[in-house]
Amino acid sequence: KNQVEQSPQSLIILEGKNCTLQCNYTVSPFSNLRWYKQDTGRGPVSLTIMTFSENTKSNGRYTATLDADTKQSSLHITASQLSDSASYICVVSAWAGGGNKLTFGTGTQLKVEL
Amino acid sequence: DTEVTQTPKHLVMGMTNKKSLKCEQHMGHRAMYWYKQKAKKPPELMFVYSYEKLSINESVPSRFSPECPNSSLLNLHLHALQPEDSALYLCASSQPSLRQGALSGEAFFGQGTRLTVV
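Protein chains in written order, with the numbering used here: chain S, 1 to 114; chain E, 115 to 232.
Written out as structure tokens, the structure reads:
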């Protein structure tokens, strides 16, 4: 069964600090891995997307890494801002012969405080 | 335009009502999706349309009826819902991937419809 596990479940950090969120997956056949940011009651917004041949990708203050051998990914946020408070969801895509089927992690709830 | 637009944003309906959720995108995507999300849980896939044809139905109860009138529109018709169906309903779109590892499958999500069944 395809699974995506994220840690920690929740995290509180001070504004300006860095943090790293983790994602472990058992999804086959692997197609790509995405990180989304979701504000409460809103739709997820894509931050990064990586295939198995990519091991790092940046989007502003967000940097994602992927180790396809160990099936692990991380999302590093630098110089956090209050607006970074949200749920961060790791989503792994499995090739389903004609399309990608997404498996969502349970998310890490990040709160950035003054 | 990288937007997926969902209407209405909020909906309150009785268990005997019939209502519809609407989703629209103009990115030329030929795959569209409905997800259901309960509070503090990840989205759960309900339906996938590929080239306007239903390709995945994740054993969703028949009180939810999807419809894809054309390549830009996706509807979800609701009838005789239960209070436990109250959730955030998300629509997404992407290009159907043609091969494993293709980036063309990037999914864009709408803002969701917050549904409350009373």
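Beta carbons are placed, not taken as given, at the ideal position from N, Cα and C, and that holds for glycine.
Candidates the options, of which the one nearest residue i by Cα
| i | options | result |
| --- | --- | --- |
| residue 171 of chain E | S:101, S:107, S:3, S:58 | S:101 |
| residue 113 of chain S | S:10, S:14, S:48 | S:14 |
| residue 154 of chain E | E:201, E:146, E:143 | E:201 |
| residue 160 of chain E | E:166, E:152, E:173, E:167 | E:173 |
| residue 82 of chain S | S:38, S:111, S:75 | S:111 |
| residue 5 of chain S | S:27, S:16, S:17 | S:27 |
| residue 8 of chain S | S:75, S:103, S:95 | S:75 |
| residue 178 of chain E | E:168, E:193, E:166 | E:193 |
| residue 123 of chain E | S:42, S:55, S:24 | S:42 |
| residue 78 of chain S | S:62, S:3, S:38 | S:62 |
| residue 176 of chain E | E:199, E:140, E:222 | E:199 |
| residue 94 of chain S | S:19, S:25, S:21 | S:25 |
Same chain only: Cβ atoms within 7 Å of residue i, ignoring 5 sequence neighbours per side
| i | result |
| --- | --- |
| residue 46 of chain S | 34, 36 |
| residue 214 of chain E | Low per-residue confidence applies at residue 214 of chain E: pLDDT is 46, beneath 50, and the placement is therefore not dependable, though the value from the model is reported in the following sentence. Around residue 214 of chain E: no qualifying Cβ. |
| residue 220 of chain E | 208 |
| residue 196 of chain E | 129, 231 |
Own chain, CB closer than 6 Å to residue i, minus 5 neighbours either side, in chain order
| i | result |
| --- | --- |
| residue 157 of chain E | 149, 151, 204 |
| residue 163 of chain E | 146, 182 |
| residue 165 of chain E | 144 |
Where the beta strand (DSSP E) containing residue i begins and where it ends
| i | result |
| --- | --- |
| residue 164 of chain E | 158 to 164 |
| residue 199 of chain E | No beta strand (DSSP E) contains residue 199 of chain E, which DSSP labels as neither H nor E. |
| residue 73 of chain E | Here chain E comprises residues numbered 115 to 232, so residue 73 of chain E is not present and cannot be evaluated. |
| residue 151 of chain E | 145 to 151 |
| residue 172 of chain E | Premise fails: residue 172 of chain E is in no beta strand (DSSP E) and is neither H nor E. |
| residue 252 of chain E | There is simply no residue 252 of chain E to check, as chain E begins at 115 and stops at 232 in what is shown. |
Contact belief for residue i with residue j at Cβ below 8 Å, rounded distance in angstroms
| i | j | result |
| --- | --- | --- |
| residue 89 of chain S | residue 44 of chain S | 6 Å |
| residue 121 of chain E | residue 133 of chain E | Contact flag wrong, Cβ pair sits at about 11 Å. |
Same chain only: Cβ atoms within 8 Å of residue i, ignoring 5 sequence neighbours per side
| i | result |
| --- | --- |
| residue 10 of chain S | 108, 109, 110, 111 |
inquiry  = When you compare the stretch 126 to 137 of chain E with the stretch 60 to 68 of chain S, are there three or more beta-carbon pairs, one atom per stretch, that lie closer than 8 Å?
reply    = no
task = Decide if the stretch 180 to 198 of chain E is in contact with the stretch 73 to 87 of chain S; the criterion is three or more beta carbon pairs, one per stretch, under 8 Å apart.
result = no
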